[in-house]
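Residue numbers 0 to 171, in numbering that gives the first Met the number 0, belong to the letters of the sequence shown in order. One structure below.
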Amino acid sequence: MLNSFIRFANGVSWCTFQLASMATVILTAAMVYEVLARYVFGAPTVWAFDIAYMANGAVFLLGIAYVLREDSHIRIDVLRNRLPARFNHAVQGGLYLLILAPFFGMLSWIAVSHTLRAWRSGEVETVSPWAPLVWPFYLCIAIGLLAMTLQLVAEGLRAVCDLGSAAAKDRP
Numbered sequence: 000m001l002n003s004f005i006r007f008a009n010g011v012s013w014c015t016f017q018l019a020s021m022a023t024v025i026l027t028a029a030m031v032y033e034v035l036a037r038y039v040f041g042a043p044t045v046w047a048f049d050i051a052y053m054a055n056g057a058v059f060l061l062g063i064a065y066v067l068r069e070d071s072h073i074r075i076d077v078l079r080n081r082l083p084a085r086f087n088h089a090v091q092g093g094l095y096l097l098i099l100a101p102f103f104g105m106l107s108w109i110a111v112s113h114t115l116r117a118w119r120s121g122e123v124e125t126v127s128p129w130a131p132l133v134w135p136f137y138l139c140i141a142i143g144l145l146a147m148t149l150q151l152v153a154e155g156l157r158a159v160c161d162l163g164s165a166a167a168k169d170r171p
């Protein structure tokens with residue numbers, strides 16, 4: 000059961016990473032087009048700024064769960080490497096399960112609520128002359144935060160389950 004949940008969370012993280020990759024392509028294509036339109040044709044677009052911030056936000060938020068899965072977030076290892084593995088697993092499991100997962104769960108709930116409200120009302124970006132609908136961007140935020148919540152629970156459970164094997168490694 001536990002391994003199934005961890006595999007599910009890992010799969011969700013991989014899927015959101017693929018979405019982040021697509022958002023990177025969209026961001027790059029939009030910026031190349033904007034540069035050509037502005038400097039070659041003298042006709043800048045009204046939508047490039049909106050696409051840039053939305054795609055950039057999507058890349059970041061859709062990719063964070065995968066980065067956690069791959070253990071690639073920035074970490075200061077000076078102190079951590081000197082502590083027993085069992086202690087590190089306990090701290091990581093506790094932080095992920097008791098602090099970060101509930102926090103990201105709450106953020107996910109808020110993001111989903113905000114997305115649904117924007118979708119129902121047809122909310123548009125009011126600052127932009129293009130005035131795009133904002134719910135697709137909010138949906139990327141909600142999906143990224145939900146994936147991060149799942150991955151935090153999976154990594155926290157993995158750390159707690161590794162306490163026993165870490166204790167064996169700590170013995171002389």
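Every residue gets a Cβ at the ideal spot worked out from N, C-alpha and C, and that includes glycine. Just so it is clear, the structure is predicted and the values come from calculations on it, not from any experiment.
Exercise. Secondary structure at V123, three-state DSSP: helix, strand or coil?
Worked result: V123: strand per DSSP, three-state reduction.
Exercise. Can you name the residues that DSSP bridges to L176?
Worked result: Outside the shown range of the chain, which is 0 to 171, sits residue 176, and nothing can be said about it.
For this session: Helix, strand or coil for D70, going by three-state DSSP, please let me know.
Result: Coil, per DSSP.
For this session: Assuming A47 and A22 form a contact by the criterion Cβ under 8 Å, report the distance between their Cβ atoms to the nearest whole angstrom.
Result: Approximately 15 Å separates the beta-carbon atoms of A47 and A22; this is outside 8 Å, ruling out the contact.
Problem set entry | Which of helix, strand or coil DSSP assigns to T148 | In this structure, T148 counts as helix in the three-state DSSP scheme.
Problem set entry | I5 classed as buried or exposed, judged by whether at least 16 other C-beta atoms fall within 10 angstroms | Counting other Cβ atoms within 10 Å of its Cβ, I5 reaches 16 or more and is therefore classed as buried.
Problem set entry | Proximity of A19 and L61 at Cβ, strictly below 9 Å | Their beta carbons are under 9 Å apart, which means A19 touches L61 by this criterion.
Exercise. If you run the structure through DSSP and keep just helix, strand and coil, what is V77?
Worked result: DSSP places V77 in helix when its eight states are reduced to three.
Exercise. Is it right to say H72 is buried, meaning 16 or more other beta carbons lie within 10 angstroms of its own, or is it exposed?
Worked result: Note on H72: under 16 other CB atoms within 10 angstroms of its CB, so exposed under the neighbour-count rule.
Exercise. Less than 9 Å separating the beta-carbons of R44 and A54?
Worked result: One detail in the question is off: residue 44 reads as Thr in this sequence, not Arg. No.
Exercise. How would you write the range of the alpha helix (DSSP H) that Y32 sits in, first residue to last?
Worked result: Taken as a continuous stretch (DSSP letters only), the alpha helix (DSSP H) holding Y32 covers 1 to 34.
For this session: Note down the Cα distance separating Q17 from G143, rounded to an integer number of angstroms.
Result: Going by the C-alpha atoms only, they are around 12 Å apart.
Problem set entry | D70 classed as buried or exposed, judged by whether at least 16 other C-beta atoms fall within 10 angstroms | Under this definition D70 is an exposed residue.
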